[in-house]
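So in this note's numbering, spot 101 of the sequence shown is number 562, and the numbers just go up one at a time.
Input: a single structure, listed below in structure tokens.
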Amino acid sequence: MKRIYMDHAATTPVDREVLEAMKPYFSEKYGNASSIHDFGQEAKDALEDSRAKVAKLIGADLSEIVFTSGGSEADNLAIKGTAFAKGKGSHIITSTIEHHAVLHTCEFLEKHGFEVTYLPVGKYGLVDPAQVEKAIKKNTILVSIMHANNEIGTIEPVAEIGKICRNAGILFHTDAVQSFGKIPIDVKKMNIDLFSASAHKMYGPKGVGCLYMRKGINLIPQIHGGGHESGMRSGTENIAGIVGFAKACELAGKNMNSWAEQEVKLRDRLIKDMLQIPKSRLSGHPEKRLPNNVNMCFSGIEGESMVIHLSMKGIAASTGSACSSKSLKPSHVLTATGLSPKDAHGSLRLTLGKENTEQDVDYLLNVLPGIVDNLRKISPLGGGE
Ligand SMILES: Cc1ncc(COP(=O)(O)O)c(C=O)c1O
462 MKRIYMDHAA TTPVDREVLE AMKPYFSEKY GNASSIHDFG QEAKDALEDS RAKVAKLIGA
522 DLSEIVFTSG GSEADNLAIK GTAFAKGKGS HIITSTIEHH AVLHTCEFLE KHGFEVTYLP
582 VGKYGLVDPA QVEKAIKKNT ILVSIMHANN EIGTIEPVAE IGKICRNAGI LFHTDAVQSF
642 GKIPIDVKKM NIDLFSASAH KMYGPKGVGC LYMRKGINLI PQIHGGGHES GMRSGTENIA
702 GIVGFAKACE LAGKNMNSWA EQEVKLRDRL IKDMLQIPKS RLSGHPEKRL PNNVNMCFSG
762 IEGESMVIHL SMKGIAASTG SACSSKSLKP SHVLTATGLS PKDAHGSLRL TLGKENTEQD
822 VDYLLNVLPG IVDNLRKISP LGGGE
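In structure tokens:
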């Protein structure tokens, strides 16, 4: 059976060039970057060379990149690290549609003496910069608003929010796990102080990511030990993973525009044709959205059933976000945009990648209407009305 992968927001395949770049660092150049001998220096050179490549893609200085185990750790370091540096009683502003790596970190801090404001979003999932400004109080230390949403693909006005924060003397963190490598980012021009990214969402390996930390910012490390990463994140560096991440950044730097152009074409065709299916609607912003994201709600049916039926036809898709799709709760992102829990249950997310083709889209559009129709006929949610 044909197998088509349309779940790139969950994870991406490792690019062949990335894999080739990583290979020597498992069994030939396996030194510990902290060792003084030649093997160690080889690893250290690879580490610093990689740091420069990652920094280049966001317009940062290489000293401002801290390698982490991925996006979740980078979010935790940014938010807890700022909170503990400033002390209890301080106030954080975030939004209701953040990834759980941000939301659960904020909830944890609330239980430990910090104050958090969760800003609502409009029907397209946009955070209003004016509301960010209004929510700033005397004790506000940090604003954390994601660059692009993992479920609905909406791209937030981070440059505007960054400017507001900079003028108010407050740190601004953005979770850019879904946008990094897909759309251009310049941390300096966008007034971003802290920025989280993850390799496995951009054709790199799993288990590696980074936090950009603007020079001069003081964070409390969250992993203590041997003082790696300038004391910000202890633990022997995952050199093979980091080399792979850097290669993925290099490829994204070269190809981002052509990948996006191809994905936008496929995305827009998918959206146009899927909207022909009765009782369907698009979630997320019609224009301010990631080039690869389609999120549709089909009222009266369960997203999980659609995903299972598509999977039986060889298509990998998702409903809600990958980490929350096991839960029976409707997506917190979709309900925050005003969808009823019933409609939110009928969401289908297709996220494209550089290897998807027109033929993949033809195949999806060929099988999906029948699946929706059949599910509506048997739906206990009243889809067959
Ligand atoms: C927006 C966002 N933030 C953070 C993460 C977590 O990243 P990682 O899987 O690298 O920990 C994800 C992963 O789904 C994400 O989509």
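Virtual Cβ for every residue (Gly too), placed ideally from N, Cα, C.
### Query
Buried or exposed: which applies to E698, given that a residue is buried once 16 or more other Cβ atoms fall within 10 Å of its Cβ?
buried
### Task
Let me know if E509 comes out buried or exposed under the rule of 16 or more other beta-carbons within 10 Å of its beta-carbon.
exposed
### Query
According to the neighbour-count rule (16 or more other Cβ atoms, all chains shown, within 10 Å of its Cβ), is Y664 buried or exposed?
buried
### Task
Could you name the residues that DSSP lists as bridge partners for H634?
S605 and L655
### Message
Helix, strand or coil for E576? Go by DSSP, reduced to three states.
### Response
strand
### Query
Is D536 near ligand 1, with its Cβ less than 7 Å from a heavy atom?
yes
### Message
Rounding to the nearest angstrom, what Cα-Cα distance links T473 and S496 in this structure?
### Response
33 Å
#### Entry: Local conformation of A777 per DSSP, three classes
strand
### Message
Comparing C-alpha positions only, which one of T615, I678, M773 and E481 sits nearest to T812?
### Response
T615
### Length of the line joining the Cα atoms of M767 and L836
8 Å
### Task
Indicate whether L523 and A535 have their beta-carbon atoms separated by less than 8 Å.
no
### Task
Would you grab the beta carbon distance between H608 and A637 for me? Rounded to a whole angstrom, and I think it's under 8 Å.
4 Å
### Query
Which parts of the region 508-555 are runs of the alpha helix (DSSP H), unbroken and 4 residues or longer, counting only runs that do not cross its ends?
532-547
#### Entry: Residues of its chain near N827, where Cβ-Cβ distance is below 6 Å and the 5 sequence neighbours each way are ignored
none
### Query
Across which residues does DSSP place S741 in a beta bridge pair?
F759
### Task
Rounded to whole angstroms, what's the CA-CA distance from E748 to L727? Just pull it up for me.
14 Å
### Query
Does the beta-carbon distance from K547 to I602 come in below 8 Å?
yes
### Query
A550: which of T578, H565 and G531 sits nearest, CA to CA?
Looking at the sequence itself, residue 550 is Gly, so the reference to Ala does not match. The option with the nearest alpha carbon to G550 is T578.
### Message
Here's the rule: buried if 16 or more other CB atoms are within 10 angstroms of the residue's CB, otherwise exposed. What is D506?
### Response
exposed
#### Entry: Proximity test, H634 beta-carbon vs ligand 1 heavy atom, cut-off 7 Å
no
### Query
Hey, would you say V479 sits closer than 8 Å to C671, going by beta carbons?
no
### Query
Got a sec: does ligand 1 put a non-hydrogen atom nearer than 7 Å to the Cβ of G492?
no
### Query
Can you pull the DSSP bridge partners for R750?
T615
### Message
Please state whether the Cβ-Cβ distance between I762 and S840 is less than 8 Å.
### Response
yes
### Message
Using DSSP's beta-bridge definition, name the partner residues of G665.
### Response
The partner list for G665 (beta bridge, DSSP) is empty, contrary to what the question assumes.
### Query
Between V638 and ligand 2, is the CB less than 7 Å from at least one heavy atom?
Looking for ligand 2 in the displayed structure turns up nothing; the ligands present are ligand 1.
### Message
For the region 641-650 against the region 717-732, do three or more pairs of beta-carbon atoms, one drawn from each stretch, fall closer than 8 Å, so that the two count as touching?
### Response
yes
### Query
Does any heavy atom of ligand 1 sit closer than 7 Å to the C-beta of M457?
Absent from the model: residue 457. The displayed extent of the chain is 462 to 846, so no value can be given.
### Query
Apart from the five residues on each side of it in sequence, which residues of its chain come closer than 6 Å, Cβ to Cβ, to G501?
G492 and N493
### Query
For D823 versus S760, is the C-beta spacing smaller than 8 Å?
no
#### Entry: Cut-off 7 Å between Cβ atoms - residues of its own chain near K676, not counting five sequence neighbours on either side
D522, S524 and E525
### Query
Taking DSSP as the reference, what is the three-state secondary structure of L809?
strand
#### Entry: Within 8 Å, strictly: CB atoms of V755 and L736
no
### Message
With distance defined between alpha-carbon atoms, name the residue in L771, W720, N679 and S801 nearest to T818.
### Response
W720
### Message
Mapping the DSSP letters down to three states, classify Y585 as helix, strand or coil.
### Response
coil
### Query
Which residues in the same chain have their Cβ closer than 6 Å to the Cβ of V833, if we skip the five residues on either side of it in sequence?
I738 and F759
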